[in-house]
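Colleague: Can you read through this structure? Questions will come right after.
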Amino acid sequence: MATLVLGTVGSLLGGPLGGALGAFAGSKIDGELFGGSSGEGPRLRDLALTTSAYGQPIARHFGKIRVPGTIIWASDLKENSEEQGGGKGQPAATTYSYSASFAVALSSRPVAAIGRIWADGNLLRGAAGDLKAPGAMRFYSGWGDQSVDPLLDAAIENGSPAYRHRAYVVFEDLDLSQFGNRIPTLSFEIDGEDARHVVKGLLDPAESFAAGNATFANLGGYSHESGTIAQNLSAIDTVLPLIPEIDGKGMALRTLGNGAFATSLAEPAAWDGGDFGTQDGQSRGRNDGQKTAFHGLRYYDTGRDYQPGLQRVEGRADTTIGRIIEFPGALSSNDARSLAEAAAERASRQADTLTWRCAEIDPAIVPGAIVRAPGQPGLWLVRSWEWREGGVELEMTRYFPEESEIFEADSGTVWQAPDLAAQQTVLRVFELPPQGPSETAGANIYAAVGAPAGAWSGAALYAVQSGQLVHVGASQPRRAGLGELVTPLSGSPALLFEAEATCVIEMIDRRMELPSTDVSGLVSGANRILVGGEIIQYATAKPLGEGRWELKGLLRGRGGTEVAAAAGHASSAAVTTIDERLTKLEQSLVPVVSTETYAAIGRADEQPVFAAVETAGSSLKPPSPVHARKAVSVEGNWRLEWTRRARGAWRWTDAADVPLIEETEIYLVGIGAIGSPVALLTTKTPLLELAAKTVAQYQSESPGASIWVRLIGSHGQSDPLLLDHLPQ
Numbered sequence: 001m002a003t004l005v006l007g008t009v010g011s012l013l014g015g016p017l018g019g020a021l022g023a024f025a026g027s028k029i030d031g032e033l034f035g036g037s038s039g040e041g042p043r044l045r046d047l048a049l050t051t052s053a054y055g056q057p058i059a060r061h062f063g064k065i066r067v068p069g070t071i072i073w074a075s076d077l078k079e080n081s082e083e084q085g086g087g088k089g090q091p092a093a094t095t096y097s098y099s100a101s102f103a104v105a106l107s108s109r110p111v112a113a114i115g116r117i118w119a120d121g122n123l124l125r126g127a128a129g130d131l132k133a134p135g136a137m138r139f140y141s142g143w144g145d146q147s148v149d150p151l152l153d154a155a156i157e158n159g160s161p162a163y164r165h166r167a168y169v170v171f172e173d174l175d176l177s178q179f180g181n182r183i184p185t186l187s188f189e190i191d192g193e194d195a196r197h198v199v200k201g202l203l204d205p206a207e208s209f210a211a212g213n214a215t216f217a218n219l220g221g222y223s224h225e226s227g228t229i230a231q232n233l234s235a236i237d238t239v240l241p242l243i244p245e246i247d248g249k250g251m252a253l254r255t256l257g258n259g260a261f262a263t264s265l266a267e268p269a270a271w272d273g274g275d276f277g278t279q280d281g282q283s284r285g286r287n288d289g290q291k292t293a294f295h296g297l298r299y300y301d302t303g304r305d306y307q308p309g310l311q312r313v314e315g316r317a318d319t320t321i322g323r324i325i326e327f328p329g330a331l332s333s334n335d336a337r338s339l340a341e342a343a344a345e346r347a348s349r350q351a352d353t354l355t356w357r358c359a360e361i362d363p364a365i366v367p368g369a370i371v372r373a374p375g376q377p378g379l380w381l382v383r384s385w386e387w388r389e390g391g392v393e394l395e396m397t398r399y400f401p402e403e404s405e406i407f408e409a410d411s412g413t414v415w416q417a418p419d420l421a422a423q424q425t426v427l428r429v430f431e432l433p434p435q436g437p438s439e440t441a442g443a444n445i446y447a448a449v450g451a452p453a454g455a456w457s458g459a460a461l462y463a464v465q466s467g468q469l470v471h472v473g474a475s476q477p478r479r480a481g482l483g484e485l486v487t488p489l490s491g492s493p494a495l496l497f498e499a500e501a502t503c504v505i506e507m508i509d510r511r512m513e514l515p516s517t518d519v520s521g522l523v524s525g526a527n528r529i530l531v532g533g534e535i536i537q538y539a540t541a542k543p544l545g546e547g548r549w550e551l552k553g554l555l556r557g558r559g560g561t562e563v564a565a566a567a568g569h570a571s572s573a574a575v576t577t578i579d580e581r582l583t584k585l586e587q588s589l590v591p592v593v594s595t596e597t598y599a600a601i602g603r604a605d606e607q608p609v610f611a612a613v614e615t616a617g618s619s620l621k622p623p624s625p626v627h628a629r630k631a632v633s634v635e636g637n638w639r640l641e642w643t644r645r646a647r648g649a650w651r652w653t654d655a656a657d658v659p660l661i662e663e664t665e666i667y668l669v670g671i672g673a674i675g676s677p678v679a680l681l682t683t684k685t686p687l688l689e690l691a692a693k694t695v696a697q698y699q700s701e702s703p704g705a706s707i708w709v710r711l712i713g714s715h716g717q718s719d720p721l722l723l724d725h726l727p728q
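Residues in the sequence shown are numbered consecutively from 1, following full-length UniProt numbering.
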């Protein structure tokens, strides 16, 4: 009833604004008389997400808060196709991706800035303003002079409104691949004006006096999504007491004082016809504690990415009687606990009431005044003032100055989407020996594409042809294992397993794990890395921290890379793990012109990242022969033998010969320096016989000269194998 009466009086005195304040004041009196419901104020929404319902109200937001938004325009899905593969007689595969453009309204009042954006629970936009999916985003703060978005203006027939006084964002060609090719459910972190002045913002910014000195020091943000102004003010009043007052300027709200300037009441006046105090003009009472008991506060927890949190009052676990206040404001867990404890203490103390009749009017004694009553201990807060026939009747509750006690609280365990900064692409391109006979027809060029720890989702790959970029596919979505040697690695004959040999490497992605294996794993080809131009297998990997690993138990010169093993490697030599994360570059997609350089472009790359092909031609070149042997007959004739190896045939099988991968089997035997031999001989079998007089002739011409052999392959010659030396 008081709500209706004071709402009408407020409208007469102060118009619509006065009506809201009057209704708020009246509701406070009704609450004292009749009690409140178990749940009060606007309801919190459990992680509300973007909607597109027609006629959905657009909320007002203050300070920093997480909001769902409302889709106000969307285009049709845009289809993009890309053909991949098709090399070596294999069918081509066409992949499709989709993008969309749409606009989302965020607030029905201006917003200063926009922070993180969540899409399907993961971050679409980080705190640094980086979009984590391809596309563009434009933000409009909602001021009265904002211009029309060009995309909306072009797409909407007869033009688009500027949506002034409405904050919104526009996404243009947002890639939907990671969202199941649909517009994801979004929520936005927005930053409005200072939330401490939320009372002023809720009332009317043009009527600045209406908020008085009502400021909320610890409030991070507030959402006015539902409920009337009076209901929202009532929710704030529960945790921050607001006192409505009328003065010569009109109606206003203020916060409670500390009682230092309490006014003393006149002696009470008795009145025979009154409702109370017929003998002494005063009456003491106590409200039902169940109506005012306060058990907890639900709020938006800043420590939980603005998801709803709950702080219960100490010693009040029984929620069947007390109230759980729904407060749509953003608070830290400590602030929420402190406010909840203060509100509970305030509610219990205000159960004491005092009714007082004065014989004269004191302008200083109005609702919200803190007074001292003769004969009554402590301070009292004037709740209502009524001028009646017998005098001025005051209704008061016990008042204690609040102490700013800070309570420690915990937001609880919550999963927070990682906000990883987008990283630039790192590219290494090289040839690898074929792993089987099926890979011997052409060059085996691989791209190792990765990035340091952070956000990275792959890159597009290009061949550099005559200054142009020719698209040849995309990298693996998983980043390749890229790094470098920390310490030099000495040369090795690459003949036996070196159980005590070690090397230290550092990976660019410090989160990357390197596995260990046993002998059977090494036999099956596990744990291969490319160091410079040498393929090495390792047995154990020991983490040293900061992305560094000690590799122990090395098999050197794998895959016919003995020459690189013998040379060794300096520190900072490139290291790459050889596994399924490498991307094979199909040569059928590259023009006939020889390609020596490739490029990669990732989402965070402003310019293409270039890399020249390392160990070019090594996958087509046959491996050098091995197991050199020499026999000398009693007549002095020499018999030189060796064992052929083949590309892609790295296992020695006792029951079968090494397959002939090259078109023909022919060997080139040289005598003398490799670059300038004094004699060259050819043979079609892995042996060469030299008569004693021939040996003597070569000895006289080049005493001590080396004798070596190469296998002549279909695409080039192997590295030489040293067979022996001529006598001095």
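Virtual Cβ for every residue (Gly too), placed ideally from N, Cα, C.
Output needed for I661: all residues of its chain with C-beta closer than 6 Å, excluding positions within five of it in sequence on either side, in chain order.
Modeller: Cβ neighbours of I661 beyond the five flanking positions: T440, A646 and R647.
Colleague: Would you check if the distance between the CB atom of G63 and the CB atom of G192 is smaller than 7 Å?
Modeller: Closer than 7 Å, so yes.
Colleague: In whole angstroms, what is the alpha-carbon distance linking E389 and E245?
Modeller: C-alpha separation (whole angstroms): 23 Å.
Colleague: Are there 16 or more other CB atoms within 10 angstroms of the CB of S208, so buried, or fewer, so exposed?
Modeller: The pLDDT assigned to S208 is 47, lower than 50, so where the model puts this residue is not dependable, and the model offers no usable value.
Colleague: What separation, rounded to the nearest whole angstrom, lies between the Cα atoms of L77 and T302?
Modeller: Using only the alpha carbons, I get a separation of about 35 Å.
Colleague: Give the secondary structure of S187 by DSSP, where H, G and I count as helix, E and B as strand, and everything else as coil.
Modeller: Note: S187 maps to strand in three-state DSSP.
Colleague: Would the region 408-424 count as touching the region 447-457 if we require 3 or more Cβ pairs under 8 Å?
Modeller: A contact exists between the region 408-424 and the region 447-457.
Colleague: Ends of the alpha helix (DSSP H) at Y228?
Modeller: Correcting the residue type first, residue 228 is Thr in the shown sequence and not Tyr. Counting along the chain, T228 falls outside any alpha helix (DSSP H), and DSSP gives it neither H nor E.
Colleague: So, A113 versus E172, is the Cβ gap smaller than 7 Å?
Modeller: Cβ atoms of A113 and E172: not closer than 7 Å.
Colleague: To the nearest angstrom, how far is the alpha carbon of S187 from that of D509?
Modeller: Using only the alpha carbons, I get a separation of about 30 Å.
Colleague: Measure the alpha-carbon distance for Q587 versus Y462 and round it to whole angstroms.
Modeller: The alpha-carbon atoms of Q587 and Y462 are separated by roughly 12 Å.
Colleague: Can you check whether the CB of V669 is closer than 7 Å to the CB of L681?
Modeller: Yes; because the gap between Cβ atoms is below 7 Å, this pair is in contact.
Colleague: To the nearest angstrom, report how far apart G391 and A359 are at their CA atoms.
Modeller: Spanning the two alpha carbons is a distance of roughly 5 Å.
Colleague: Please list the terminal residues of the continuous alpha helix (DSSP H) segment that includes P677.
Modeller: First-last for P677: P677 to T683, but that is the beta strand (DSSP E), not the alpha helix (DSSP H).
Colleague: Based on Cα-Cα distance, which residue from G525, A599 and A417 lies nearest to L469?
Modeller: Cα-wise, what sits closest to L469 is A599.
Colleague: Drop a sphere of 10 angstroms on the beta-carbon of F430, count the other beta-carbons inside from all chains shown, and report buried for 16 or more, exposed for fewer.
Modeller: F430 should be labelled buried.
Colleague: Just the Cα atoms here: how many angstroms apart are T319 and R349?
Modeller: Below a pLDDT of 50, predicted positions are generally treated as unreliable, and T319, at 48, falls in that range; no measurement from the model is reported.
Colleague: At which residue ranges does the UniProt domain "Rcc01698-like C-terminal" (481-575) contain complete beta strand (DSSP E) runs of 3 or more residues, listed in the order of the chain?
Modeller: 482-485, 498-507, 528-531, 534-545 and 548-558, all fully within the UniProt domain "Rcc01698-like C-terminal" (481-575).
Colleague: Please classify S99: is it buried, with 16 or more other beta-carbons within 10 angstroms of its beta-carbon, or exposed?
Modeller: Buried is the call here.
Colleague: May I ask you to verify whether the region 320-340 touches the region 222-241, counting CB pairs closer than 8 Å and requiring at least 3?
Modeller: The region 320-340 vs the region 222-241: in contact.
Colleague: Would you report the Cα separation of G434 and A541, rounded to the nearest angstrom?
Modeller: Residue 434 is actually Pro in this sequence, not Gly. Each residue's Cα considered, the two are about 26 Å apart.
Colleague: How big is the Cα-Cα spacing for E606 and D719?
Modeller: Roughly 41 Å separates the two Cα atoms.
Colleague: Where does the unbroken alpha helix (DSSP H) through P268 begin, and where does it stop?
Modeller: First-last for P268: undefined, no H or E at that position.
Colleague: Return the first residue and the last residue of the alpha helix (DSSP H) that E341 is part of.
Modeller: Its alpha helix (DSSP H) spans residues S333 to R349.
Colleague: Tell me the rounded alpha-carbon separation between I72 and A103.
Modeller: Taking the straight line joining both Cα atoms gives about 6 Å.
Colleague: Using the three-state DSSP reduction, which class does R304 fall into: helix, strand or coil?
Modeller: It is helical.
Colleague: Evaluate A81 with the Cβ neighbour count: other Cβ atoms within 10 Å of its Cβ, from every protein chain shown; 16 or more gives buried, anything less gives exposed.
Modeller: The amino acid at residue 81 is misidentified as Ala; the sequence shows Ser. Exposed, since its Cβ has fewer than 16 Cβ neighbours within 10 Å.
Colleague: What residue does the beta strand (DSSP E) around S384 start on, and which one ends it?
Modeller: Unbroken beta strand (DSSP E) run through S384: L379 to R388.
Colleague: Pairing CB atoms from the region 513-527 with CB atoms from the region 535-549, are three or more of them under 8 Å?
Modeller: Yes, the region 513-527 is in contact with the region 535-549.
Colleague: Is the beta carbon of F407 closer than 7 Å to that of R323?
Modeller: Cβ atoms of R323 and F407: not closer than 7 Å.
Colleague: Would you give the residue range spanned by the beta strand (DSSP E) that A167 belongs to?
Modeller: Taken as a continuous stretch (DSSP letters only), the beta strand (DSSP E) holding A167 covers A167 to D175.
Colleague: Identify whether I236 lies in helix, strand or coil by the three-state DSSP scheme.
Modeller: Reduced to three states, the DSSP call for I236 is helix.
Colleague: Apart from the five residues just before and just after N637, which ones in its own chain have a Cβ nearer than 6 Å to its Cβ?
Modeller: The answer, listed in chain order, is A691 and A692.
Colleague: How would you write the range of the alpha helix (DSSP H) that V111 sits in, first residue to last?
Modeller: Careful: V111 lies outside any alpha helix (DSSP H) and carries neither H nor E.
Colleague: Could you tell me the boundaries of the beta strand (DSSP E) in which Q282 lies?
Modeller: Run containing Q282: Q282 to R286, per the beta strand (DSSP E) assignment.
Colleague: Would the beta-carbon of G483 fall within 7 Å of that of T615?
Modeller: Contact flag unset, no.
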